[in-house]
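Report on one structure; see the data block that follows.
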Amino acid sequence: MPRVIPGISEADRVRLQLLGRRLSGELASLIAAVPKENRTARGLAAFLNVDRGTAQRALTASRLSADPMGALARGPGVAAIRQLVRGAQSSGLTSEPSSGLPVAADQIEEALRQIGVSQARLLRTLGGPVYESEPSSPVPGEEQERRRRLFEAAADSLGRVMDTRAIVLMVRPRPGRESTLQVFGGHGVIGYRARPDAMPLVIGRSIDPPSADQDHSSISPTPAPALLSGERVLLEFCTEPLALVTSRRHSREVHAVVEPRTPGESADVVLASNAPDDDHNAMLGGGVQEMRFNVRVPARGAVFDVYLERTLAMRCVPTLDLLLWPRESGSPRANNWYDALPGGPLPRVLGPGIRHAATDLYARHAQLTEALFELSGWDPEAFVGYRCQTLYPHWAGCYAMNFDSRPALDSETDEQDPPTRTAGA
């Protein structure tokens, strides 16, 4: 749901959005470089030698990457941004965390001047951040048409296409090891078709193969055994005859590859997966965790659900980024501003349990969700669901669902660091 500012063109609105996203990312980088004990309004003001109001606005804007207009409206003004830069330089911080802020300040100042809008007007017009409670917002007609053309061009070039990419993940603290998260789920390609000369479709990867001397294939006497470490094919959700699903090994890496038996034949292939615990340790400790999928195969639709155990859901705020893929290796979330693509959907809260799991994009999605919970042995009523859903997902895009468990900002109570909280999936 785009922000509407009376008297401002669509091009100018997009320009302001990009600047707001950049400001949020630059401020997040600066704050991350400050000692942890100074990451409150009072501590930041003292460390950077700025007034507390400026520090509070900087903290607020740093959390609004999903609401870039809100970051512009509620963040520090141009003069205050420059004051933050001077404070960072005089405090002894390296130049890198604040190196982009002077440029951001110049760009914001120039944009506001050219567009003829003030920061105060933005704040009056926009108010607080917007959250979408309805199903994921439909992509505006013009944007959807651009994505449809990109979908058709990519499908023609790559020689492969699918109707729907379906992903379901469930996340909970591991019983007996509360500092570690347990992640289980499934992912599938629905209605996959490919030409004989198409690129191979890799739908799973493992660096810990179950056997060092065996390739696993769906054409073995036992159809579709475990392909990868912690991953297996769900036959009841696959088309018959089953597409050729094989493993290919290089050194310690094993990839699960789908090849339709007949060129152009439509195939559904769904895997269940149990992610290694250490893949998700980074989200613990009151930070922001990305759960994402990359659009490697042109698809007519995508549905991506994450179910958090209730204690995690109560501590997290979900947001959604649409980023250019592949991202730079090791790129921090603070750099998302230059990878951000326009027109991404907003996350939808499905609520407790799985009663709202159905979707028009995949007729068996609710059944798949129920089956995955049965396989895991987990009670779906103990979980809260979140959804990213879109038509014509942006090819070569990355849809990143973020779960922010950082302490809430409260100018009256930020004298002390709040207790560490656990992030979502």
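Letter by letter, the sequence shown follows residues 1 to 425 in our numbering.
Where is the CB? At the ideal position from N, CA and C, for every residue including glycine.
Taking buried to mean at least 16 other C-beta atoms within 10 Å of its own C-beta, is residue i buried or exposed?
i, result
"residue 310", "exposed"
"residue 318", "buried"
"residue 11", "exposed"
"residue 83", "buried"
"residue 79", "exposed"
"residue 236", "exposed"
"residue 273", "buried"
"residue 261", "exposed"
"residue 188", "buried"
"residue 90", "exposed"
"residue 406", "buried"
"residue 348", "buried"
"residue 248", "exposed"
"residue 70", "buried"
"residue 264", "exposed"
"residue 103", "exposed"
"residue 363", "exposed"
Is residue i helix, strand or coil by DSSP?
i, result
"residue 406", "coil"
"residue 242", "coil"
"residue 379", "coil"
"residue 399", "strand"
"residue 247", "strand"
"residue 49", "coil"
"residue 63", "coil"
"residue 269", "strand"
"residue 201", "strand"
"residue 78", "helix"
"residue 234", "coil"
"residue 181", "strand"
"residue 102", "helix"
"residue 173", "strand"
"residue 425", "Low confidence applies here, because residue 425 scores a pLDDT of 32, under 50, leaving its location unreliable; read the following figure in that light. The answer is coil: DSSP assigns residue 425 none of H, G, I, E or B."
"residue 188", "strand"
"residue 165", "strand"
"residue 390", "strand"
Less than 8 Å between the CB atoms is what I'm expecting for residue i and residue j, so what's the real figure, rounded?
i, j, result
"residue 19", "residue 107", "6 Å"
"residue 368", "residue 186", "6 Å"
"residue 451", "residue 54", "Outside the displayed span of the chain (1 to 425) sits residue 451, for which this structure offers no information."
"residue 344", "residue 321", "7 Å"
"residue 256", "residue 270", "With 8 Å as the limit, residue 256 and residue 270 do not qualify as a contact, their Cβ atoms being about 12 Å apart."
"residue 183", "residue 275", "4 Å"
"residue 268", "residue 385", "Contact doesn't hold; Cβ gap of about 22 Å is too wide."
>> Would you call the segment 41-61 in contact with the segment 14-32, where contact means no fewer than 3 C-beta pairs closer than 8 Å?
In response: They touch, by the three-pair rule.
> Should the segment 296-307 be regarded as contacting the segment 396-404, the criterion being three or more beta carbon pairs within less than 8 Å?
Replying inline: yes
> Would you call the segment 193-207 and the segment 148-165 touching, i.e. three or more CB-CB distances under 8 Å?
Replying inline: yes
>> For the structure I just gave you, are there three or more beta carbon pairs, one from the segment 170-179 and one from the segment 341-355, closer than 8 Å?
In response: no
> Where are the beta strand (DSSP E) runs, 3 residues long or more, that stay fully inside the segment 315-374, in chain order?
Replying inline: As summarised for the segment 315-374, the continuous beta strand (DSSP E) elements at least 3 residues long and confined to that stretch are 317-324, 348-352, given in chain order.
> Quick check: the segment 371-388 against the segment 42-57, are there 3 or more CB pairs under 8 Å?
Replying inline: Contact fails: fewer than three Cβ-Cβ distances are below 8 Å.
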